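Report on one structure; see the data block that follows.
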Amino acid sequence: MKKEKSIYKVDPKTGDKKQLFIDATICALAEYGYKGTTVRKIAEIAKVAPGLLTHYYSGKEVLIAESYKYLAYKFLDLFRERVAEHKDNPLEALNIFFLKTFERGNMDPRLLRIWLSFWSLTLLRRDLGHIHRETYQQYIEAIEEMLSKAYELAGRQLERQKVRHQAIGVNALLDGLWLEWCLNPDTFSREDGLSIVYDFVESATGLVLEKDLSRLD
């Protein structure tokens, strides 16, 4: 897999000004949060005059909304790519999903500041709710498919509704542990978080995962 571009990097020399301003907005949110992010700060990060920025986007909320769309679907595409590499081994696909959730780059309080900003804007602009609904649904469907394939390979068959409930539970557990760690990294280590997920999934599903914590970066 090709090396992923850091979401905290900005290239002022790029010819794609809209992408430049989205990247700068993400960096501003990571550093200053929703309240502290302003058009002027975004322009400073992008190394342009505020007037050029407002020529493309009418204001801070529009920029944050566009950044939300970009990042939500970027992460979804990365998730799909990782899972697709192990489509014939659903247990390994699940394992990769868990490992990537707890990797260093994802367990980052800066990322929490970004998502808190997105969620705040979603509460103010209901028209953006479809972004969360669409991406959430696709995550759940992907986890559900991995679980269903794993059961099939194990010679077991569960009702679709039960598998869906398990998928929702797995996703909620990952989100909750990620949120708690970002709020207070001293609560548990990344390795402990991964172990909790392994124990929960094996207990809830009866599936046996390859629990190798040394694979965590």
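In the UniProt record's numbering, the protein residues as written are 1 to 217.
Virtual Cβ for every residue (Gly too), placed ideally from N, Cα, C.
The model shown is predicted, which means the values in this text are computed figures rather than measured ones.
Exercise. Given that a residue counts as buried once 16 or more other Cβ atoms are within 10 Å of its Cβ, and exposed if not, what is residue 113?
Worked result: To locate residue 113, count along the sequence shown from 1; it is residue 113. Under this definition residue 113 is a buried residue.
Exercise. In this structure, does DSSP put residue 1 in helix, strand or coil?
Worked result: Walking along the sequence shown from the start, residue 1 turns up at place 1. Only weak support exists for where residue 1 lies, its pLDDT of 41 falling under 50; the value from the coordinates is given anyway. Three-state result, residue 1: coil.
Exercise. Nearest CA to the CA of residue 177: which residue from 37, 45, 102, 147?
Worked result: As a working mapping, residue 177 is identified with position 177 in the sequence shown. For the residues 37, 45, 102, 147, the minimum Cα distance to residue 177 belongs to 102.
Exercise. Enumerated in chain order, which unbroken segments of the alpha helix (DSSP H) with a length of 4 residues or greater are wholly contained in the stretch 157–202?
Worked result: 160–183
Exercise. When you compare only the Cα positions, how much space is there between residue 154 and residue 204?
Worked result: To locate residue 154, count along the sequence shown from 1; it is residue 154. To locate residue 204, count along the sequence shown from 1; it is residue 204. C-alpha of residue 154 to C-alpha of residue 204: approximately 15 Å in a straight line.
Problem set entry | Spatial distance of residue 136 from residue 39 (CA atoms) | As a working mapping, residue 136 is identified with position 136 in the sequence shown. As a working mapping, residue 39 is identified with position 39 in the sequence shown. Rounded to whole angstroms, residue 136 to residue 39 spans 30 Å at the Cα level.
For this session: Could you tell me the boundaries of the alpha helix (DSSP H) in which residue 74 lies?
Result: Position 74 of the sequence shown, counted from the start, is the residue given in the question as residue 74. Secondary structure note for residue 74: its alpha helix (DSSP H) is the uninterrupted segment 60–84.
Exercise. Roughly how many angstroms separate the alpha carbons of residue 9 and residue 28, rounded to a whole number?
Worked result: Sequence index remark: in the sequence shown, residue 9 carries index 9 (1-based). Sequence index remark: in the sequence shown, residue 28 carries index 28 (1-based). C-alpha separation (whole angstroms): 11 Å.
For this session: Look at the alpha carbon of residue 2 and the alpha carbon of residue 74, and state the distance between them as a whole number of angstroms.
Result: As a first step, residue 2 must be located in the sequence shown, where it is residue number 2. As a first step, residue 74 must be located in the sequence shown, where it is residue number 74. Note that residue 2 has pLDDT 44, beneath the 50 cutoff, so the model's placement of it is unreliable and the number below is only indicative. Roughly 14 Å between the two C-alpha positions.
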